[in-house]
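A short write-up of the structure that comes next.
There are 2 protein chains.
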Amino acid sequence: MSSLPFFHLVADDLRQVEALLRAQEANPHPAIAGAVDHLLGSGGKRLRPALVLLSSHLCGADPSAALFAAAGVEMLHTATLVHDDLIDGSLMRRGAETLNARWSPAATVLTGDYLFARAAYLVARTANVRLVQRFAETLMVICNGEIRQMFDGRDRVPTFQEYEQRIYAKTASLIALSAEAGAILAHADEDTISALHRYGERLGLAFQVVDDILDFVADEQTLGKPVGSDLRQGLITLPVMLFLEDSHDHPTLQRLRHGPLSEDAVQEAVRTVAASPAIDRSLQVARGYIREAKETLQSLPPSDYRDALLDLADFVTRRQF
Amino acid sequence: MSSLPFFHLVADDLRQVEALLRAQEANPHPAIAGAVDHLLGSGGKRLRPALVLLSSHLCGADPSAALFAAAGVEMLHTATLVHDDLIDGSLMRRGAETLNARWSPAATVLTGDYLFARAAYLVARTANVRLVQRFAETLMVICNGEIRQMFDGRDRVPTFQEYEQRIYAKTASLIALSAEAGAILAHADEDTISALHRYGERLGLAFQVVDDILDFVADEQTLGKPVGSDLRQGLITLPVMLFLEDSHDHPTLQRLRHGPLSEDAVQEAVRTVAASPAIDRSLQVARGYIREAKETLQSLPPSDYRDALLDLADFVTRRQF
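Chains A and B are the protein sequences, given in the same order.
Letter 78 of the first sequence, counting from 1, is numbered 78 in this note's numbering, and no numbers are missing.
Letter 209 of the second sequence, counting from 1, is numbered 1209 in this note's numbering, and no numbers are missing.
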């Protein structure tokens, strides 16, 4: 992703963000230091920092504050992944072992907590109170969404509205915050803050739909984790929802409503959905979100940074990982 | 504790803090709302909010910001307890079931995360960037201390310096932040901020030493949890350290160095240490910290609020729970 054109505008900034992410604040225990290196080294796409930096340049935010905000959102994202992988029992992410594959649940919980603290510390260093508040609100939305999914979300077919709420909480809320962060740091007018928030929200919804599609059709090597992980957890995503609209009596997928599938049934369901028109229909939904994201940017004055945000939106529906 | 004289000065404020703590921000899932009520209802001492409020009055901080800071530190404290109880497998706290006794580890992790976010949100509402930074730094210290204890701390006798570092991270760091919060909010001079920080730090060290003593000598009904819980976890605290100085060849306590004790051995060790002079020597250590805490306050101008902080310090070594 770092070779893509919209990353060139912020390539230097991203190197500085990387240094902030890896700075070992507050003399951490070597076990934490090693875990942080492992997590950051396993090759995240740095989509969220890139959004913070592009929106900061677009709006004329203080460059140093932009770097702290960019590092803060990536650290928050990493912290949520550590606890998510523990909760889901996931052993691989981005082609590398997860922390919980190597460590006890207790050490994994504490390391995630430490990363939350580091994230809050980085965002506080922007000295922008509104951004800190939005950051805390967003973490509440993410946790609340995870709890909703845990208590209400498994083994049933959600409505489209429920699905959209879920992926907003899970993914789009933090991507929206990343996109609006530059406008908040630059003390831009409310219309600009709202436009960038909505751009990020739509981009984030598309990003998660594509993630949900890739969980059926991706090459496992490229994806860095097994396909079918949602179905294995009893989690019904858009491709299955759209598949069931056409084939509501398919026996394997019907069984999803009654609890976890066997591994053979997961594999069969993945193959069935992957070969169906539901994949293309899901991609149309993602493209609709991207269209809305790009339309929203039309209200902002033209610039190289606005063009980069438009390109980035197009990339989201083209990505393979 | 709410009937103690130093609480009277902030009793009205504390009622408002309670309302802030229980306000359900960001429309939480009913499961979270219920969990928060359960956790807040099980009768914490509200020591940390009282410190924030007393130091805020002492320094002339904005009253509304003081309420948010007071609620924020209590929420952070509650969040850390949720994850601690999960990690230690504790089933009772303050006479009530812990969250992990009723819920899955996954739901407990997420609820703790939600409470961290709520805590950050409350502190951000003070609109004081320095306090938000200190808050994030303190959470890093707490997590780092827990990880150090997990990787290095069990089944060995710590030096006094290691013990003091551990109880600083675990307890005194957040009590120090609570005491200095009012000075930070009031933009007091650095000497005042340092004095209140040091007062809180010494108070917090004493508080944890008393906690460690009560784990040997308390009445279980009053304590709200079983005694001996540290030994049961293989955690060696000051009473055992001082006991071993006089009786380094005691067979049961020697066995602690080689892994967890049987329940019978825990009970025997608790009775042995409780009946020994190590308890009184530990109390002398706590009283030494309290003396230092009170001396530190002498640099501040006399007032009812300063008197209340002096009284509160004396209470810490008298408490039974």
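Ideal placement from N, C-alpha and C gives every residue a C-beta, glycine not left out.
query	result
Where ASN144/A meets chain B, residues with beta-carbon distance less than 8 angstroms	ALA1026, ASN1027, PRO1028, HIS1029, ILE1032, TYR1114
Bridge-paired residues (DSSP) for MET241/A	Note: MET241/A sits in no beta bridge, so no partner.
7 angstroms CB neighbourhood of PRO1239/B in its chain, flanking five on each side removed	ASP1212, ILE1213, PHE1216, VAL1273, ALA1278, ILE1279, SER1282
Minimum Cβ-Cβ distance from ARG1148/B to chain A less than 7 angstroms	yes
Residues in the segment 82 to 102 of chain A having any Cβ partner in chain B nearer than 8 angstroms	HIS83, LEU86, ILE87
Between the CA atoms of SER1303/B and GLY34/A - distance to the nearest angstrom	49 angstroms
ALA195/A at chain B interface by Cβ criterion, 7 angstroms	no
Contact set between PHE1151/B and chain A, taken where Cβ atoms lie within less than 8 angstroms	HIS29, ALA31, ALA107
Length of the line joining the Cα atoms of MET1150/B and GLU268/A	43 angstroms
Helix, strand or coil at ALA293/A according to DSSP, with G and I counted as helix	helix
For HIS1008/B and SER178/A, the rounded distance between their alpha carbons	45 angstroms
Contacts that GLN133/A makes with chain B (C-beta to C-beta distance below 8 angstroms)	TYR1121, ALA1124, ARG1125
Outcome for ASN27/A when other beta-carbon atoms lying within 10 angstroms are tallied against a minimum of 16	exposed
Beta-carbon spacing of GLY975/B, HIS1083/B below 7 angstroms	Residue 975/B lies beyond the residue range present for chain B, which begins at 1001 and ends at 1321; the question has no answer from this structure.
Cβ-heavy atom distance, LEU231/A to the ligand SAM, below 6 angstroms	Of the ligands one can find in the structure shown there are none, so the ligand SAM has no counterpart to examine.
Best match in SER56/A, LEU47/A, ALA61/A, ASP85/A for proximity to LYS225/A [C-alpha to C-alpha]	ASP85/A
Limits of the unbroken alpha helix (DSSP H) element including THR1111/B	1105 to 1124
Limits of the alpha helix (DSSP H) - the one that ILE167/A falls within	160 to 167
N-terminal and C-terminal residue of the alpha helix (DSSP H) that ILE184/A is part of	173 to 185
Members of the segment 181 to 206 of chain A near chain B, C-beta cut-off 7 angstroms	none
Rounded C-alpha distance that separates LEU256/A from ARG156/A	7 angstroms
At least 3 beta-carbon pairs within less than 8 angstroms: the segment 186 to 206 of chain A vs the segment 54 to 70 of chain A	yes
Best match in GLU1162/B, PRO1049/B, ARG1319/B, ASP1191/B for proximity to PHE1207/B [C-alpha to C-alpha]	ARG1319/B
Contact with chain B by ALA117/A, beta-carbon distance below 7 angstroms	yes
Residues that ALA96/A bridges to, as DSSP identifies them	ARG93/A
Exposed unless 16 or more other CB atoms sit within 10 angstroms - verdict on GLU220/A	exposed
CB contact check: VAL129/A to chain B, cutoff 7 angstroms	yes
Presumed contact (8 angstroms Cβ cut-off) between LEU1053/B and ALA1066/B, rounded CB distance	6 angstroms
THR1317/B - DSSP class collapsed to helix/strand/coil	coil
Unbroken alpha helix (DSSP H) run spanning ASP1145/B, endpoints	The displayed chain sequence assigns Gly, not Asp, to residue 1145/B. Taken as a continuous stretch (DSSP letters only), the alpha helix (DSSP H) holding GLY1145/B covers 1129 to 1152.
Burial state of SER1262/B (16 or more Cβ within 10 Å)	exposed
Backbone secondary structure at ARG287/A - three-state DSSP	helix
GLY1060/B, enclosing alpha helix (DSSP H) - first and last residue	Premise fails: GLY1060/B is in no alpha helix (DSSP H) and is neither H nor E.
Proximity test, Cβ basis, 7 angstroms: LEU235/A and chain B	no
Test item: CB-CB of ALA107/A and LEU91/A under 7 angstroms	no
Proximity to LEU203/A [Cα-Cα], best of ASP191/A, MET241/A, GLY228/A, LYS294/A	LYS294/A
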